[in-house]
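Report on one structure; see the data block that follows.
Protein chains: 2
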Amino acid sequence: MPPSPEPDEFALIARYFAPLARSSPGSLGLLDDAALLETEPGQALVLAADMAVEGVHFTESDPPELIGRKVLRYNLSDLAAMGAAPIAYLLTLAKPEQRSSEWVGAIAAGLADDQDAFGISLIGGDTSASPGPAMLSITVIGSVRSGEALQRSGARPGDVVFVSGTIGDGTLGLKSTKGDLDGLATGDRDYLEDRYRLPQPRLALGRALIGLATAAVDVSDGLVADLAHICQASGVGAVIEAPAVPLSPPAKAAISEGRIALSALLTGGDDYELLFCVPQDRLEAAERLEEAGGVAVTQIGRIAEGTDVEVLGEDGKPMAIESKGYRHF
Amino acid sequence: MPPSPEPDEFALIARYFAPLARSSPGSLGLLDDAALLETEPGQALVLAADMAVEGVHFTESDPPELIGRKVLRYNLSDLAAMGAAPIAYLLTLAKPEQRSSEWVGAIAAGLADDQDAFGISLIGGDTSASPGPAMLSITVIGSVRSGEALQRSGARPGDVVFVSGTIGDGTLGLKSTKGDLDGLATGDRDYLEDRYRLPQPRLALGRALIGLATAAVDVSDGLVADLAHICQASGVGAVIEAPAVPLSPPAKAAISEGRIALSALLTGGDDYELLFCVPQDRLEAAERLEEAGGVAVTQIGRIAEGTDVEVLGEDGKPMAIESKGYRHF
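First to last, the protein sequences are chains A and B. The opening position of the first sequence corresponds to residue 59 in this note's numbering, with each subsequent residue numbered one higher. The opening position of the second sequence corresponds to residue 59 in this note's numbering, with each subsequent residue numbered one higher.
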């Protein structure tokens, strides 16, 4: 590893991060050069890495308790989309010089909550000062039985397209946190901002999709763009029936009050729901998914020949979709 | 994963990073939610994560070809200190807005060279814009036979302390790149700066230490501080004989010309040599380490009862060591 941080940052690691590693013997207390991870025979590891940069993925005023959790959940959502069970993670953190040790402690406290919620443990990482914005990078490790991981490439024409939960809350939550969505009822605002700030990785659903779904992805770039990712990887096209896409009551209210267009919710990002494809002959088994996954699943369309994602409106005609992909910047 | 970067950054990934993942089927072409890694029975995984921040670990004027390689080598050095063989890595990269795509390409080109040199492959990651400095974070995955990983905690009184290569070149190289070491011969300057900019992870040596060394660490914080890490983890003390510590000809010249004190080389960081302990009854086997590891190894002291690291000078008396740990900031 690079030369260690100042002694008081050694102390920060001992104080805030070593407790997050306590339940994992392979972390070696974060005191050795690397962590050890024993794997079980017949299991493949699943690895994902995501980062968040202050000013891009979160703002200076975001509660620090949520920053680490959010990056961890981006990663856990990736595991969910592969059908994997989480095991452990590594964290690198660049701390702006003006941030206090309490800021680091708040990030760690948030991570501690999520470790309990998702049965995962810190096993390694690194810290640095940052002369600019804060940055966090997390690598998560999960496992899945060899050969069983869900991928994006297995969708076939005729498969039914499902999505979990509700779509568009992430986009509305982001708009609300930015002050671009005034006049919301307090309850609706809290619900939407919470959905944006603290995504729910659909891990149980992902596990339940093994052997059932031909392809899966998490909705991070936007429903249309992420279905296009499945289509591209699988060499197929798809049709979405817009009226079938599940919306939360606050999202429905936002549309009916003219605050946002349905098409903006279908193309917005940050939902972290699972989008997946089920062949016709397995639809009966899909009826048990809601119980197994702990979240509603809804049929929203089908896989077709071709290469494009078509979105049909109320009238059954193709909707104009301005932008199929989420733009982050 | 978080919402994807702009389309032109999708293109950057396809252009510069996907080729780095081509030799690893488990990378899924960097096009899926996560990577898959099959593990062999009886092997434990070894994981380390390190980051580098512009303005802290490298400067704006450092050649981009070296930035990624340097972070990768920090990580590989951690694997070496555990006796592990590298398999794969994940990279997250935050690109300052003013940097061109060629800058990203140069980082990737450097990584490609090191992938060939170390038999390792990119399997996943993430990119983001940075409103501030560039940052890179790498998580490396290696493997070692279960139960055989070298750790810091096994040193026992009487063990002989060895170090590989030469010590102090990293510190001198850093000083030279900063302009704090004038008047060096060109060849010496190039040698020292190269040692600082492109550390050599001692992977073959690390593998050869399995079954031989009771404890090992890579010298990143400085010889004295890293031996103190072994002592702390093992519950022992140690004595270093300063005249026995191996120095390169440029380092010897720098001392004899009064440019730097020996004690500064013993406490400086960035050497990335291996520091390890061998019991007396295995010293004969240690004679074959140089051939197996491809680098000289030198006896520099011994493990003792106690808790402190003592450094003895030419006269056999304890040397004054101003600072035992490297300060990065």
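Glycine residues also receive a C-beta, built at the ideal position from the N, C-alpha and C atoms.
Task: Those residues which DSSP pairs with E96 of chain A across a bridge - done: B:A102
Open item on the list: Using a Cβ distance threshold of 8 Å, determine whether the stretch 188-201 of chain A contacts the stretch 116-135 of chain B, with at least three qualifying pairs required.
Closed with: no
TODO: Just the C-alpha distance for A167 of chain A and Y74 of chain A, rounded to the nearest angstrom, thanks.
DONE: 8 Å
Open item on the list: Let me make sure I understand the geometry here. Which of B:S188, B:T97, B:M109 and B:T150 has the alpha-carbon closest to that of P144 of chain B?
Closed with: B:T97
Task: Per DSSP, cross-strand counterpart(s) of I196 of chain A - done: A:D108 and A:L149
Open item on the list: Please tell me whether G364 of chain A and A300 of chain A are closer than 8 Å, where the distance is taken between their beta carbons.
Closed with: Contact: no.
Task: Cβ neighbours of D246 of chain A in the same chain (closer than 6 Å, five flanking residues each side left out) - done: P308
Open item on the list: With DSSP as the reference, identify every bridge partner of T356 of chain B, one or two as the case may be.
Closed with: B:V221
Task: Contact under 8 Å by Cβ, R260 of chain B with L332 of chain B - done: yes
- [ ] Could you pull the start and end residues of the beta strand (DSSP E) that A76 of chain B belongs to?
- [x] Going by DSSP, A76 of chain B is part of no beta strand (DSSP E) at all; its letter is neither H nor E.
- [ ] Would you list, in chain order, the members of the stretch 267-294 of chain A that have their beta-carbon closer than 9 Å to a beta-carbon of chain B?
- [x] A274, V275, D276, S278, D279, G280, A283, H287, Q290 and A291
- [ ] Using a Cβ-Cβ cut-off of less than 7 Å, list which residues of the stretch 82-100 of chain B approach chain A; keep chain order.
- [x] L86, L89, D90, D91, A92, A93, L94, L95, E96, T97 and P99
Task: Any C-beta of chain B under 8 Å from that of S204 of chain A - done: Yes, contact with chain B.
- [ ] Along the beta strand (DSSP E) that carries S38 of chain B, what are the first and last residues, could you check?
- [x] An answer regarding residue 38 of chain B cannot be provided, because it is not within the stretch 59 to 387 covered by chain B.
- [ ] Please list the partners that G327 of chain B has in chain A, where partner means a Cβ-to-Cβ separation under 7 Å.
- [x] Within chain A, the residues near G327 of chain B are P61.
Open item on the list: Taking CB distances under 8 Å as the criterion, tell me whether A187 of chain A reaches chain B.
Closed with: Output row for A187 of chain A: interface = yes.
TODO: Kindly indicate if chain B contains any beta-carbon less than 8 Å away from that of Y132 of chain A.
DONE: yes
Task: Separation of V355 of chain B from Y147 of chain B, as counted between CA atoms - done: 29 Å
- [ ] Under 8 Å between beta-carbons, which chain B residues line up against R157 of chain A? List them in chain order, please.
- [x] Simply none; closest approach about 14 Å.
Task: Short Cβ contact (8 Å threshold) for D276 of chain B with A138 of chain B - done: Yes; because the gap between Cβ atoms is below 8 Å, this pair is in contact.
Open item on the list: Please report the distance separating the alpha-carbon of W161 of chain B from that of I199 of chain B.
Closed with: 26 Å
Task: Closest by C-alpha distance to I288 of chain B, when choosing among B:L105, B:D366, B:T325 and B:A107 - done: The shortest C-alpha to C-alpha distance from I288 of chain B to any of B:L105, B:D366, B:T325 and B:A107 is the one to B:D366.
Task: Limits of the alpha helix (DSSP H) - the one that G163 of chain B falls within - done: S159 to F176
TODO: Measure from the alpha carbon of G352 of chain A to the alpha carbon of each residue in A:L341, A:L208 and A:G264, then state which is nearest.
DONE: Nearest of A:L341, A:L208 and A:G264 to G352 of chain A, Cα basis: A:G264.
Task: Host beta strand (DSSP E) of I298 of chain A (start-end) - done: G295 to E299 is the span of the beta strand (DSSP E), which, as asked, contains I298 of chain A.
Task: Cα-Cα separation between L86 of chain B and Y249 of chain B, rounded to whole angstroms - done: 40 Å
Task: Reduced DSSP secondary structure (H/G/I, E/B, other) of I288 of chain A - done: helix
Open item on the list: Less than 8 Å between CB atoms is the rule here; does Q258 of chain A satisfy it with respect to chain B?
Closed with: No, no contact with chain B.
Task: Inter-residue spacing [alpha-carbon to alpha-carbon] between L95 of chain B and L105 of chain A - done: 8 Å
- [ ] Would you mind stating whether A110 of chain A and V202 of chain A have Cβ atoms separated by less than 8 Å?
- [x] no
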